[in-house]
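What follows is one structure encoded as C-alpha cells, with my remarks underneath.
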Amino acid sequence: MSAVPEAAAAPSPRWERVPVADALEIGTVLARCARLVDARAWDELGRVFAEDAVLAAPDGTAAGLAGIVERARADTLEPHHVTDTVLRRLDGDRVRAWSKWFLVRGDGAVLGGEQLDLLVRTPDGWRIAERRIARPDPERRDAGAALGVADFLA
Amino acid sequence: MDTPAQPSEAAAAEKITAQDRIEITEILSFSSHLLDNRQWDMFGEVFVPEVELVTQLGEFTGPAGVRAYLERIDLSRYPATHTLNTIVEAVDADTAVAWSRMLLLSWDRRAVGGDFVDTFRRTGHGWRIARRAVAPRNDRASAELAEGGFAPDPYAYALFDDAVLAATEQARR
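Chains as they are written, first to last, in the numbering used here: chain A, 21 to 174; chain B, -2 to 170.
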C-alpha cells in the first residue's frame, strides 16, 4: 500500500465490511425482493423475508410473512428500484443494509425513499428480518423523516 | 474504434480483488447517503482531504470545495442522490476509476440524470475518492443546446478515458 493514511473520521472503526460472497448474496436478495413485490409473487416472499420478519413504514408496521403480504397488497406498488446499498457486518450471521429506492409512476412522476434492513443468515440463505422504510414527504419537503448515518451504525 | 488505456478484462481483474470492487461501490453509495443527509462532517469517509471536483461550474478542491459546489447547484432542490450502474476499471493495486450513472430526485417529483467519473485511491482507511468529474446529462442547458430534444452525451466517455489515462500516468510515476 503506497498511500499515506489520512486522519480517520467516524464511523470507520464501527463499520466492519461484509465479505464479498455474502455481499453479493445480500445484493441479490434485495434485488429479488423488489422483483417479487412487483410481480405480486406473494407465495415466494419467503425467499427474501424471514418467517418472523418485521416491516416498519411511516404508515404502519407489519409482522410475519402473512402480515407483510397483507400490507403490501394495500399499497399501490409501482415497480421500485433499489440503489446505493451499503452493508455493515454486525456478526457472522447478521448484516445491516442501508439502501435507497425510487419508483417511477405511470404518470412519469418519480418518488424515492430509503430502507434500512437487518439481514440474517438462515439455512436457506440470507433473509430480511427487519425492514424500516422511510419516505420523505414531498408536500412538506421534509427530509427529516429520512434515515441517517446514526441509524445505519446503531 | 479508439479505446485508449483499456487493459484486458483479465489483466484488470487481477489488479484489485472482488472485495475491493464491493468496497469501491459501497463508498460511492455511502457518498450518496452523506450528500442526502448533508453530512459534511463525514466527507472524510468518502473523499481524500485534497479531493478534486471537476464540474460544469469549474473546479473545486477538498471537502469544503465539494460543499461549495453543492451549494452553487442548490442541492436543496433534490432530496435524493442515487448512484448506480457503476463500472470499475482497475488501474493498479491502489488506483481505480469508477464510472457511474447518477440520478437526482427533485421535490417536485421529477428526476435529472448525469454521470460521475470517480478516481479512487486506496488509503490507510480504505478506498477514497481522490477526483470526481461530474457530467450533467440532458439537463436544461444541454437540452437547449440540442434545441429542446434529448442531448446525447459524448463527454462522459471522454471523461472516463481521461480519468483512466491520468490515473495510469500518475501510477507510473
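Backbone N, C-alpha and C define an ideal beta-carbon position, used for all residues, glycine too.
Counted within 10 angstroms of its Cβ, other Cβ atoms place residue i as buried (16 or more) or exposed
i	result
PRO175(A)	A question about residue 175(A) goes unanswered here, because the residues of chain A that appear run from 21 up to 174.
GLY58(B)	With the sequence shown as reference, residue 58(B) is identified as Thr, and Gly is not the correct amino acid for it. Answer is exposed; the Cβ neighbour count stays below 16.
SER119(A)	buried
ASP42(A)	buried
GLU23(B)	buried
MET21(A)	Here the model assigns MET21(A) a pLDDT of 41, short of 50, so the residue's position is not dependable, and the following value carries that caveat. Its Cβ having fewer than 16 others within 10 Å, MET21(A) is exposed.
TRP37(B)	exposed
Reduced DSSP category for residue i - H, G, I as helix; E, B as strand; rest coil
i	result
TRP37(B)	helix
ASP157(A)	strand
SER26(B)	helix
PRO33(A)	helix
TRP62(A)	helix
GLY133(A)	strand
SER119(A)	strand
MET21(A)	At MET21(A), the pLDDT of 41 sits below 50, so the modelled position is not reliable; the number obtained from the coordinates is stated separately. If DSSP states are grouped into helix, strand and coil, MET21(A) belongs with coil.
VAL43(B)	coil
GLU56(B)	strand
GLU166(B)	helix
ILE126(B)	strand
THR48(A)	helix
ASP113(A)	coil
LEU167(A)	coil
LEU107(A)	strand
ILE13(B)	coil
Paired residues, beta bridge with residue i - DSSP
i	result
ILE148(A)	PHE69(A), LEU139(A)
LEU102(B)	ALA77(B), ALA108(B)
PHE113(B)	SER97(B), VAL131(B)
VAL124(A)	VAL130(A)
THR81(A)	ALA76(A)
THR92(B)	ASP89(B), ARG118(B)
LEU50(B)	PHE57(B), ARG129(B)
ILE70(B)	Bridge partners of ILE70(B): none, in fact.
Near the ligand NAD: residue i beta-carbon under 7 Å from a heavy atom
i	result
ALA77(B)	Within the structure as shown, the ligand NAD is missing, as the structure has no ligands at all.
Cβ contact check for the region 146 to 155 of chain A and the region 64 to 79 of chain A: 3 or more pairs under 8 Å = As far as the Cβ criterion goes, the region 146 to 155 of chain A touches the region 64 to 79 of chain A, which means the pair count is three or higher.
request  = Could you please tell me which residues of the region 12 to 40 of chain B, in chain order, have their CB closer than 7 Å to any CB of chain A?
outcome  = Residues of the region 12 to 40 of chain B with a C-beta atom less than 7 Å from some C-beta of chain A are ALA15, GLN16, ILE19, GLU20, GLU23, SER26, PHE27, SER29, HIS30, ASP33, ASN34, GLN36, MET39, listed in chain order.
message = To be precise: take each residue of the region 129 to 149 of chain A, compare its Cβ to all Cβ atoms of chain B, and keep it if any distance is under 9 Å. Which residues remain?
response = Taking 9 Å as the Cβ-Cβ cut-off, the region 129 to 149 of chain A approaches chain B at ALA129, VAL130, LEU131, GLY132, GLY133, GLU134, given in chain order.
query = Quick one: any contact between the region 29 to 49 of chain B and the region 139 to 152 of chain A, if contact means 3 or more CB pairs under 8 Å?
reply = Counting Cβ pairs under 8 Å, fewer than three are found: no touch.
query = Is the region 19 to 34 of chain B in contact with the region 69 to 87 of chain B, if contact means three or more CB pairs nearer than 8 Å?
reply = With a cut-off of 8 Å, the region 69 to 87 of chain B and the region 19 to 34 of chain B count as touching, because enough Cβ pairs lie within range.
ask   = Is there contact between the region 119 to 134 of chain B and the region 129 to 147 of chain A, where contact requires at least three CB pairs shorter than 8 Å?
value = No contact exists between the region 119 to 134 of chain B and the region 129 to 147 of chain A.
ask   = At a Cβ cut of 9 Å, what residues of the region 81 to 106 of chain A count as close to chain B, listed as they run along the chain?
value = Within the region 81 to 106 of chain A, the residues whose Cβ lies closer than 9 Å to some Cβ of chain B are HIS101, THR103, ASP104, THR105, VAL106, listed in chain order.
request  = Can you give me, in chain order, the residues of the region 39 to 58 of chain B that have a beta carbon less than 9 Å from any beta carbon in chain A?
outcome  = Identification of residues in the region 39 to 58 of chain B having a C-beta nearer than 9 Å to some C-beta of chain A yields MET39, PHE40, GLY41, GLU42, VAL45, PRO46, given in sequence order.
Contact set between the region 77 to 95 of chain B and chain A, restricted to residues whose Cβ is under 7 Å from the partner = So the list reads ALA77, HIS79, THR80, LEU81, ASP91, given in the order they occur along the chain.
request  = With 8 Å as the limit, tell me which residues of the region 42 to 60 of chain A have their beta carbon closer than that to any beta carbon of chain B; keep them in chain order.
outcome  = Of all residues in the region 42 to 60 of chain A, only ALA43, LEU44 come within less than 8 Å of chain B when Cβ atoms are compared, listed by chain position.
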